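Peer 1:
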Amino acid sequence: MADLTPEKIQKARALLKANPSILDDSIAKLSADAQVHAKKMRDLFLSDGADAAKMKAAADETRAKCSASVIAELEAHKKIVSEKIGAAI
Numbered sequence: 009m010a011d012l013t014p015e016k017i018q019k020a021r022a023l024l025k026a027n028p029s030i031l032d033d034s035i036a037k038l039s040a041d042a043q044v045h046a047k048k049m050r051d052l053f054l055s056d057g058a059d060a061a062k063m064k065a066a067a068d069e070t071r072a073k074c075s076a077s078v079i080a081e082l083e084a085h086k087k088i089v090s091e092k093i094g095a096a097i
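Sequential numbering from 9 applies to the sequence shown in our numbering.
Here it is, written out as structure tokens:
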């Protein structure tokens with residue numbers, strides 16, 4: 009999901025709204041610190057007003073507040089979820 013076009017965002021958002029366990033199951037495996045940030049990103053992504061620029065800005069802001077280990081967890085989580093939804097959209 010490297011190139012987040014508006015169409016891909018809409019398809020992914022619809023898929024994740026219909027199947028919240030895709031995100032929730034992955035988030036549940038993260039450390040408590042990483043879960044806080046992952047849940048914020050999930051909520052932003054699922055909001056109808058979020059576009060690629062808003063999501064990138066929020067992700068950059070989140071990374072600036074996180075330790076290296078939390079960033080690594082979030083990146084791994086992002087990769088797993090991207091692979092799951094990339095195959096479906």
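Beta carbons are placed, not taken as given, at the ideal position from N, Cα and C, and that holds for glycine. Computed from a prediction, not measured in an experiment: that's the story for all the values here.
Skipping 5 residues on each side, what residues in its chain have a beta carbon closer than 7 Å to that of residue 58?
Peer 2: Position 50 of the sequence shown, counting from 1, holds the residue named residue 58. The answer, listed in chain order, is 52.
Peer 1: What does the alpha-carbon distance come out to for the pair residue 89 and residue 50?
Peer 2: Within the sequence shown, the letter at position 81 stands for residue 89. Within the sequence shown, the letter at position 42 stands for residue 50. Roughly 11 Å separates the two Cα atoms.
Peer 1: If I measure Cβ to Cβ from residue 48 and keep anything under 8 Å in the same chain, skipping five residues before and after, which residues do I get?
Peer 2: For the purposes of this step, residue 48 is identified with residue 40 of the sequence shown, where counting begins at 1. Close CB contacts of residue 48 within its chain, under the 8 Å cut and outside five residues either way in sequence, are with 66, 70 (chain order).
Peer 1: Between residue 93 and residue 38, is the Cβ-Cβ spacing less than 8 Å?
Peer 2: Looking up residue 93 in the sequence shown gives position 85. Looking up residue 38 in the sequence shown gives position 30. Not in contact: residue 93 and residue 38 (Cβ atoms no closer than 8 Å).
Peer 1: Residue 38 by DSSP, collapsed to three states: which one?
Peer 2: Within the sequence shown, the letter at position 30 stands for residue 38. Note: residue 38 maps to coil in three-state DSSP.
Peer 1: Tell me the rounded alpha-carbon separation between residue 15 and residue 21.
Peer 2: Your numbering for residue 15 matches position 7 in the sequence shown. Your numbering for residue 21 matches position 13 in the sequence shown. Between residue 15 and residue 21, the C-alpha separation is close to 10 Å.
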